[in-house]
Amino acid sequence: MPDVTETLRETALRDIAEAADAAALDAVRLRLMSRKGEVAALMQRLREVPPGERPAFGKAVNELKRDLQAALEARQAALADDAPSGEAIDATLPGAWRRLGRRHPVSRIIAEVAAIFRRLGFTVAEGPDIETVRHNFDALNTPEDHPSRDPQDTFYLANGDLLRCHTSPVQVRYLEAHPPPVRIVAPGRCYRRDTADATHSANFHQVEGLYVDAEVSMADLKGDLHYFARSLMGPEVGIRFRPHYFPFTEPSVEVDFSCHVCGGGGCRVCKQSGWIEIAGAGMVHPNVLRAVGCDPEAFRGYAFGMGIERIAMILHGVEDIRWLYENDLRYLAQF
Ligand code: DAH
38 MPDVTETLRE TALRDIAEAA DAAALDAVRL RLMSRKGEVA ALMQRLREVP
88 PGERPAFGKA VNELKRDLQA ALEARQAALA DDAPSGEAID ATLPGAWRRL
138 GRRHPVSRII AEVAAIFRRL GFTVAEGPDI ETVRHNFDAL NTPEDHPSRD
188 PQDTFYLANG DLLRCHTSPV QVRYLEAHPP PVRIVAPGRC YRRDTADATH
238 SANFHQVEGL YVDAEVSMAD LKGDLHYFAR SLMGPEVGIR FRPHYFPFTE
288 PSVEVDFSCH VCGGGGCRVC KQSGWIEIAG AGMVHPNVLR AVGCDPEAFR
338 GYAFGMGIER IAMILHGVED IRWLYENDLR YLAQF
């Protein structure tokens with residue numbers, strides 16, 4: 038009787054080894070191991086075996102069953118390893134396409150402004166959104182009765198601090214920590230108690246600029262801003278200064294770019310003036326230098342500040358500032 042188990046073992050192992058794929062192997066498995074398969078049939082023949090030899094026969098069949106099971110599993114694993122070079126992957130199918138995100142227009146303009154000023158030797162500085170009255174107003178030479186100090190205009194916290202209403206306090210923080218020469222741009226969020234409409238938002242962004250050294254003049258300010266204007270808007274763009282007032286600069290100016298839509302002739306975008314207001318600027322007030330322990334006889338500087346959303350709106354023809362914040366991808370994906 039041992040012969041029958043050995044005969045079956047021989048053919049079964051050969052068939053398993055020769056199974057060319059998973060389906061063929063399954064057929065072999067069924068033929069050998071199912072309830073009415075060849076191994077079960079062998080066990081049925083236990084009755085024909087003389088009683089004295091039955092234990093040995095049973096043991097032999099059980100060993101055969103165990104060995105075939107192991108051989109089946111090994112062959113199955115080998116076929117799975119081969120599969121990638123076979124039918125499982127079709128290398129001619131197009132790859133899976135993942136939609137790429139893009140940067141928000143406000144972030145993109147901040148990055149671009151920083152990149153332009155970096156070429157002029159500026160570095161990027163940052164300051165906190167929650168500021169002290171000293172950094173946001175006092176050290177910036179802001180009069181006690183200046184309207185921007187009013188709780189109607191600025192968000193105050195219970196402890197007397199506030200949400201900065203401009204990025205100018207970064208000038209103060211930076212000069213407190215770094216003796217001149219200083220050349221920085223400082224982008225960041227600002228907060229004002231404005232009711233939201235097409236051109237106002239209680240939360241917006243500015244970029245501050247500050248250049249302090251032994252010899253800095255209004256001509257540097259104008260030259261650097263003109264370079265900035267041409268880098269941002271193209272070589273045709275001109276700039277002009279209009280006299281203005283800011284507490285932290287003297288003299289102070291407002292800075293206009295010539296309208297990039299009509300080239301200065303007058304159109305709807307520039308309200309027929311040919312010019313678009315972009316920034317506030319001026320020569321750093323001696324009191325600001327004094328407030329940070331910097332000698333106004335030894336150093337002078339220029340400063341400027343501009344609204345990022347305003348630039349985004351002008352560059353991209355965004356008619357309502359709120360469109361920048363509604364997070365509607367159908368809108369933002371255009372930029
Ligand atoms: N802080 C001013 C504002 O929010 C903008 C500004 C004007 C910044 C003149 C400056 C400056 O640095 O010199 O309206």
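Per the numbering used here, the very first residue in the sequence shown carries number 38; after that it's consecutive.
We put the beta carbon where it would ideally sit given N, CA and C, even for glycine.
Reduced DSSP secondary structure (H/G/I, E/B, other) of residue i
i	result
L157	coil
G311	coil
Q243	strand
Y211	helix
Y110	Rather than Tyr, the amino acid found at residue 110 in this sequence is Glu. Helix.
I147	helix
Y368	helix
L194	coil
E35	With the chain covering only 38 through 372, there is no way to say anything about residue 35.
R103	helix
E43	helix
P186	Sequence check: residue 186 is Arg here, not Pro. It is helical.
L177	helix
L130	coil
R220	strand
L361	helix
L116	helix
CA-to-CA distance, residue j to residue i, given in whole angstroms
i	j	result
G225	C299	31 angstroms
E110	I53	10 angstroms
D190	Y228	9 angstroms
R155	I345	17 angstroms
F174	E245	15 angstroms
L269	C304	20 angstroms
R367	R135	17 angstroms
D234	G301	27 angstroms
N178	T236	28 angstroms
R68	R103	15 angstroms
G275	G260	11 angstroms
R210	V219	12 angstroms
Q81	L116	32 angstroms
W402	S238	Residue 402 is absent from the structure shown; the chain starts at 38 and stops at 372.
M378	P131	The shown model of the chain, from 38 to 372, leaves out residue 378, and the question about it has no answer.
T160	I153	11 angstroms
R140	A56	55 angstroms
Spell out a yes or no on whether the stretch 316-334 and the stretch 246-257 are touching, meaning 3 or more CB-CB pairs, one atom from each, closer than 8 angstroms.
yes
Any chance you could list the beta strand (DSSP E) runs of at least 3 consecutive residues sitting entirely within the stretch 223-305, in chain order?
240-250, 276-283, 286-295
Threshold first: 4 residues or longer. Then list the alpha helix (DSSP H) segments lying entirely within the stretch 315-357, N to C.
323-328, 345-353
Ignoring anything shorter than 4 residues, give me the alpha helix (DSSP H) runs that lie fully in the stretch 48-86, in order along the chain.
59-70, 75-81
Take every Cβ of the stretch 160-173, pair it with every Cβ of the stretch 192-203, and state whether three or more of those distances are shorter than 8 angstroms.
yes
Quick check: the stretch 284-292 against the stretch 313-323, are at least 3 beta-carbon pairs closer than 8 angstroms?
yes
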